[in-house]
Amino acid sequence: MSGPGYYDGVYTRSESYRGPPEESSYYPVWKAVLNLIREPMKILDIGCGPGQFAELCVKAGHEYLGLDYSPEAIGLGIDKGFGDFCLVDMEEDHSHLRGNYQVATFIEFLEHVNGDLSILGDVPPGREIILTVPNYPGREHFRFFENLDEVVERYGPFINITTKMIFTGYNPNYNPEIYLLKGVKRRGRGWDPALNTREPLSRVQISPPTTQKLGI
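In this note's numbering, the protein residues as written are 798 to 1013.
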């Protein structure tokens, strides 16, 4: 699987990561995430990338700390000047998960790490979690989800799910989807799967982007 050097190259080669967040194909996803955070919060963004989501968070009134293991991503985030950033490998260091924040966001992150369940397990009970994962494979992905049910099956034991969303429409040629879950971290992993299927499902149509390819 890919290490930080791979992502340094991704962020170095593409000027789109230096552009405003509104020009990114992820913008509808980021806006949906922010719409789920109703009031100013302290956000911990795991796998933060180059700071475009950070800009939206800070402009919306939130406090923001982004974590990533790509030095290039952290440097770009710092240069943009929105929020705080820390270079950390979440496979090795979970200390920030026990810090002072209210919402943990995992946007297109959990499929990129082998220890996704260990990382989610170290989020303290009662904290809000918002996560997204795609349904398309990649050389840098440890796992592949074919549908939202598979996402709920894997991550539902950790989260009392309150919101489920599916984003579609990016590329009509192969119809990729992005799945979103929001909820509150459980105190234990005992759960009733039926409880995580009763929340209404929202579908969001994404217009095909003109500036940045979806996914890396």
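By construction, the Cβ of each residue, glycine as well, lies at the ideal position given by its N, Cα and C atoms. Predicted model, so just to flag it, every value in this text is computed and none were measured.
Residue span of the beta strand (DSSP E) that contains residue i, given as start and end
i, result
"C883", "881 to 884"
"L977", "975 to 982"
"F903", "900 to 904"
Per DSSP, the bridge partner or partners of residue i
i, result
"Y861", "I840"
"N957", "V981"
Distance between beta carbons of residue j and residue i, contact taken as under 8 angstroms
i, j, result
"T902", "V949", "That belief does not hold up - the Cβ atoms of T902 and V949 are roughly 18 angstroms apart, past 8 angstroms."
"V930", "E908", "5 angstroms"
"Y952", "L917", "7 angstroms"
"E925", "V900", "4 angstroms"
"V981", "I904", "Actually they are not in contact, since the Cβ atoms of V981 and I904 sit about 18 angstroms apart, beyond 8 angstroms."
"F906", "G844", "3 angstroms"
"R920", "M887", "The sequence given here places Val at residue 920; Arg does not occur at that position. With a Cβ gap of about 11 angstroms, V920 and M887 do not count as contacting."
"A851", "G880", "4 angstroms"
Status (buried if at least 16 other CB within 10 Å, exposed otherwise) for residue i
i, result
"G848", "buried"
"S915", "exposed"
"F941", "exposed"
"N932", "buried"
"G878", "exposed"
"P817", "exposed"
"Y824", "buried"
"F939", "exposed"
"K856", "exposed"
"K961", "buried"
"E812", "exposed"
"S892", "exposed"
"K839", "exposed"
"P1005", "Note that P1005 has pLDDT 44, beneath the 50 cutoff, so the model's placement of it is unreliable and no number is given."
"G846", "buried"
"R983", "buried"
"R890", "In the sequence on display, residue 890 carries Asp and not Arg. When all chains shown are included, D890 counts as exposed."
"E819", "exposed"
"D913", "buried"
Where the alpha helix (DSSP H) containing residue i begins and where it ends
i, result
"G825", "Before going on, a small fix: residue 825 reads as Pro here, not Gly. Taken as a continuous stretch (DSSP letters only), the alpha helix (DSSP H) holding P825 covers 824 to 832."
"P868", "868 to 877"
"G918", "913 to 918"
"V948", "945 to 952"
"E925", "That residue, E925, is in no alpha helix (DSSP H); its beta strand (DSSP E) goes 925 to 931."
"F850", "849 to 856"
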